[in-house]
Ligand SMILES: [Fe+2]
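Numbering (the working numbering), first residue to last: 1233 to 1571.
Take a look at the structure:
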């Protein structure tokens, strides 16, 4: 096999939204992302610690969907490596010229084996640093895009594909016979991509990192004050996996967005994988709070390289939500309290 491209990090997602103005309100006024560029059909957004053009593109369309998950690679030559590598795997691969997406240079697009439209780029437009423009901070004070979380029926296949690409596995949820979820990283955090078991390909969520837990709490307070509490789906809470303090929101089209802080360093190449037993009620919420069913069941449609919705494949292995002992509030720990 050719050498895989050297991927730096999850860099950008492109979401199709049906009402660009309503999405602008949600992502800029409520969350506090900054508009780098805008036209009639798209918004290009970034966080306060992002020095490249954007980390989120919102594009106007008929049906909500994920159009693309983009990663930055170390050098321009990594685009050649990507074409050779994905070509050798027999995956649909195409090269697109600079400027196909505003602010991004030449790119390689590939439909990964799980059915997700993946893009790799190196050249990018750098933009002014806003890190110390405290006068511009508002909303949840989002620092940067942190990771993608995708739903796929075959976690083991996804784990193989991303491991072969040089991702390190930081954590898993599993039992003796089944892998339910996996967290994989190129940068030195818990993940750039997480795999969640379920019918797929679907986008489970994108996540933005924020400096402090108080940012998450303040966001929830503001949403309540404005009567917009329906945008809060799950949390706030403390994850077992990743240790992050989190809240999950649904945007005006139902795309799920996580706001997240305090995960940990994973940059040593031999960093051990932390394996959570699926029966441990702390894995999804460290305090043992129940996980709302929509969080396990609902996710965004994914488009192929030509913009067509992908067919769903059902999961053949057990679903995490069906594991009763130690999961979702019906726990061994609570049984013992009653005795
Ligand atoms: Fe996440």
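No residue lacks a Cβ here, since even glycine has one placed at the ideal position from N, Cα and C. Given the structure is predicted, the values throughout are model-derived calculations rather than measurements.
- Query: Which residues does DSSP pair with residue 1508 in a beta bridge?
  - Reply: 1405
| By Cβ distance, which residues of its chain are closer than 6 Å to residue 1320, with the 5 residues on each side in sequence left out? | 1233 and 1234
Quick one: using the 10 Å Cβ neighbour count with 16 as the cut-off for buried, is residue 1467 buried or exposed? buried
| task | Give me whichever residues DSSP pairs with residue 1477 in a beta bridge. | result | 1470 and 1493
Quick one: using the 10 Å Cβ neighbour count with 16 as the cut-off for buried, is residue 1308 buried or exposed? exposed
Quick one: does the C-beta of residue 1487 sit closer than 7 Å to a heavy atom of ligand 1? no
| query | DSSP state of residue 1368, grouped into three classes? | reply | helix
(Q) Strictly closer than 5 Å from CB to any heavy atom of ligand 1: give me those residues in the order they appear in the chain. (A) 1381, 1439 and 1490
> Nearest CA to the CA of residue 1538: which residue from 1527, 1348, 1480 and 1455?
Replying inline: 1348
Original post:
Three-state secondary structure (DSSP) at residue 1283?
Top reply: coil
What number of angstroms, rounded off, separates the C-alpha of residue 1427 from the C-alpha of residue 1344?
13 Å
In terms of residue numbering, what span does the beta strand (DSSP E) encompassing residue 1302 cover?
-> 1297-1305
Q. For residue 1276, is the classification buried or exposed, using 16 other Cβ atoms within 10 angstroms of its Cβ as the cut-off for buried?
A. buried
- Mind checking who residue 1274 pairs with in its DSSP beta bridge? 1291
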